[in-house]
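**Student:** Residue numbers (my numbering): 35 to 259. This is the structure I have questions about; it appears just below.
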Ligand SMILES: [Mg+2]
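And the structure:
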């Protein structure tokens, strides 16, 4: 059945905040266990980045060459996801304000709801499950599926159309907490909704001119969609 609207959510800083160090540690440990190279996220501006780009940047900082990084990437990606499956904490206390009521209302309205996130797929699904939100989501596009957030947003919309949940005319919204989320929405002709529950303030997000700009998702009225 075609949903009334398609709503796509980023995870970190949007659905959840302060999800803890387990994710970053899984990426760092996966690099070390697969390649023997010690890396650190310390100097990587991770906000809004895709996991594979974070891994690449950490390895470059540790002096690794592009060819070596490319060769090791599939093993690192698989290992990071396995590590996180085991280590992900309970995230029910980390859900951002307004998220649960919004997801409930979207369900009542028969919206199609998806994830568009820089997390690797097993990490992203695990996070929303551990937050008690997994059942709300019909689909997802993750870091292992494309090289930019814009590409991932396009993949999510295509998946919704392929499943018969949306058409090219279905109003589509992309909700995120960084400039990269806003850009991904614009690249795909989606309505961009920016929330200041992550690393960026309302003023910082305003520079990137999202269609809707909110302190947090308690302020999002379904009548706006
Ligand atoms: Mg985010």
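Built from N, CA and C at the ideal position, the CB exists for glycine as well.
Counting beta carbon pairs with one atom in the region 210-225 and one in the region 239-255, are three or more of them shorter than 8 Å?
**Tutor:** Flag = yes, the region 239-255 and the region 210-225 touch.
**Student:** Just grab the DSSP bridge partners of residue 42 for me.
**Tutor:** Its beta-bridge partners are 148 and 208.
**Student:** For residue 225, report the span of its beta strand (DSSP E) as first-last.
**Tutor:** Looking at the DSSP string, the run of the beta strand (DSSP E) that includes residue 225 is 225-229.
**Student:** Between the Cα of residue 56 and those of 206, 171, 121 and 163, spot the shortest distance and give me the residue it belongs to.
**Tutor:** That would be 121, whose Cα lies nearest to the Cα of residue 56.
**Student:** Please say whether residue 229 and residue 285 have beta carbons closer to each other than 9 Å?
**Tutor:** In the structure as shown, the chain begins at 35 and stops at 259. Residue 285 is therefore absent and cannot be evaluated.
**Student:** Could you check if residue 9 belongs to the surroundings of ligand 1, using beta carbon to heavy atom distance under 8 Å?
**Tutor:** Residue 9 is absent from the model: the chain starts at 35 and stops at 259.
**Student:** Does the separation of the CB atoms of residue 207 and residue 45 fall below 9 Å?
**Tutor:** No, the Cβ-Cβ distance between residue 207 and residue 45 is not below 9 Å.
**Student:** Does DSSP put residue 271 in a helix, in a strand, or in coil?
**Tutor:** The structure shown does not extend to residue 271, since the chain is modelled only from 35 to 259, so the question has no answer here.
**Student:** In the DSSP assignment, find the unbroken alpha helix (DSSP H) run with residue 96 in it and report its ends.
**Tutor:** First-last for residue 96: undefined, no H or E at that position.
**Student:** Give a single yes or no on whether residue 45 has its beta carbon closer than 8 Å to a heavy atom of ligand 1.
**Tutor:** Result yes, Cβ under 8 Å from ligand 1.
**Student:** Are the CB atoms of residue 66 and residue 154 nearer to each other than 9 Å?
**Tutor:** For residue 66 and residue 154, no; Cβs fall outside 9 Å.
**Student:** What do you reckon, are the CB atoms on residue 188 and residue 123 nearer than 9 Å?
**Tutor:** No, these two residues do not count as a Cβ contact at 9 Å.
**Student:** For residue 51, collect the residues of the same chain with a Cβ closer than 7 Å to its Cβ; drop the 5 residues on either side in sequence, then sort them by chain order.
**Tutor:** Cβ neighbours of residue 51 beyond the five flanking positions: 128, 130, 231 and 232.
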